[in-house]
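Engineer: First, the structure itself, so that you have it in front of you.
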């Protein structure tokens, strides 16, 4: 399949994250796209040309993607549902928000939401769409390694499929920043892959052992840490003495 084929395939009714990503992943595996840059450029091109204007394309993408995630008809819906079940408190910060589809679902569920991403274009797009969708949140340009938020300013900080994008030496810094900002809980999710997905911008393959290694220094500090697997791996850090919501599953690490 070529980019021209994609242009003819997707319309305002059909364009969505769940529909586009498998097709583009197959093209990347076949060598038809040039790494992460080619993947991202193809995705943006399809979205912005599937309607009469780029704005219409992006709006359709957001509407359709949120609908399929809520309906549970795409693979990533399970990850978002798990993350939503683990939120503690009324305010959420999604770090590495990208399109902000998780952040927007948090707004739909009644949370006060901040979202940050290192890409200015993604932040601007999320700001525009959150207003158009009537789902107000506060997006901001921010680096996971130096979050632009005060200490203990948000109940739950999430890093959902973010840490695999960082160099190994930066992971501890990103987790430390999330713990600094969180009042109650930090929720981390990562994919388990045999090889890093280059077209997604993944730099490392991760396993449960990596999660246990990341948790260990926090456990020694008295933080309650939980590691479990479900469509990849999860690490939940309860940074407050009591965290009164969310469904924590084994395995619990002893302090």
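In our numbering, the protein residues as written are 134 to 388.
C-beta: ideal position from N, C-alpha, C; glycine also.
Quick caveat: nothing in here was measured; it's all calculated off a predicted structure.
1. Can at least three beta-carbon pairs, one atom from the segment 186 to 198 and one from the segment 255 to 272, be found at a separation below 8 Å?
2. Return the chain-ordered list of same chain residues with a C-beta closer than 6 Å to the C-beta of residue 225, the five sequence neighbours on each side being excluded.
3. Does DSSP put residue 370 in a helix, a strand or coil?
4. Tell me the rounded alpha-carbon separation between residue 166 and residue 338.
5. Could you give the first and the last residue of the continuous alpha helix (DSSP H) run that contains residue 224?
6. Hey, quick one: how far does the beta strand (DSSP E) through residue 360 stretch, first residue to last?
7. Would you list the one or two residues that DSSP bridges to residue 249?
8. Quick check on this structure: which residue in 282, 260 and 275 has the alpha carbon closest to the alpha carbon of residue 269?
9. Give the range of the alpha helix (DSSP H) segment to which residue 152 is assigned.
10. For residue 179 and residue 354, I'd like the C-alpha separation in whole angstroms.
11. Tell me which same chain residues have a C-beta within less than 6 Å of the C-beta of residue 358, skipping the five on either side of it?
12. Could you check whether the segment 250 to 259 touches the segment 210 to 225, counting it as contact only if at least three pairs of C-beta atoms, one from each stretch, sit closer than 8 Å?
13. With distances taken between CB atoms, is the gap from residue 311 to residue 177 smaller than 8 Å?
14. Any beta carbon of chain C sitting closer than 8 Å to that of residue 213?
15. Residues in its own chain within less than 7 Å of residue 376 by CB, not counting five upstream and five downstream?
16. From residue 101 to residue 356, what distance separates their C-alpha atoms?
17. Could you give the residue range of the beta strand (DSSP E) that holds residue 337?
18. So, residue 293 versus residue 368, is the Cβ gap smaller than 8 Å?
19. Report the rounded CA-to-CA distance for residue 174 versus residue 256, giving the unit in angstroms.
Structural biologist: With the structure as the only source:
1. In short, these stretches touch, since the Cβ pair count reaches three.
2. Excluding positions up to five away in sequence, the list reads 239, 244, 246 and 289.
3. In the three-state scheme derived from DSSP, where H, G and I count as helix and E and B as strand, residue 370 is classed as strand.
4. Distance between the alpha carbons of residue 166 and residue 338 is about 21 Å.
5. Annotation: residue 224 is outside any alpha helix (DSSP H); the continuous beta strand (DSSP E) that includes it extends over 224 to 228.
6. 357 to 362 is the extent of the beta strand (DSSP E) around residue 360.
7. Paired residue(s): 228 and 273.
8. For the residues 282, 260 and 275, the minimum Cα distance to residue 269 belongs to 260.
9. 150 to 162 is the extent of the alpha helix (DSSP H) around residue 152.
10. The alpha-carbon atoms of residue 179 and residue 354 are separated by roughly 48 Å.
11. Taken in chain order, the residues that qualify are 348, 351, 352, 370 and 386.
12. Contact fails: fewer than three Cβ-Cβ distances are below 8 Å.
13. Cβ atoms of residue 311 and residue 177: not closer than 8 Å.
14. This model lacks chain C altogether; it includes just one protein chain.
15. The predicted model places residue 376 with a pLDDT of 41, which falls under 50 and marks its position as unreliable; any figure quoted below should be read in that light. Within the same chain, residue 376 has close Cβ partners 221, 317 and 318.
16. Outside the shown range of the chain, which is 134 to 388, sits residue 101, and nothing can be said about it.
17. Neither: residue 337 is in no beta strand (DSSP E) and is coded neither H nor E.
18. Not in contact: residue 293 and residue 368 (Cβ atoms no closer than 8 Å).
19. Taking the straight line joining both Cα atoms gives about 17 Å.
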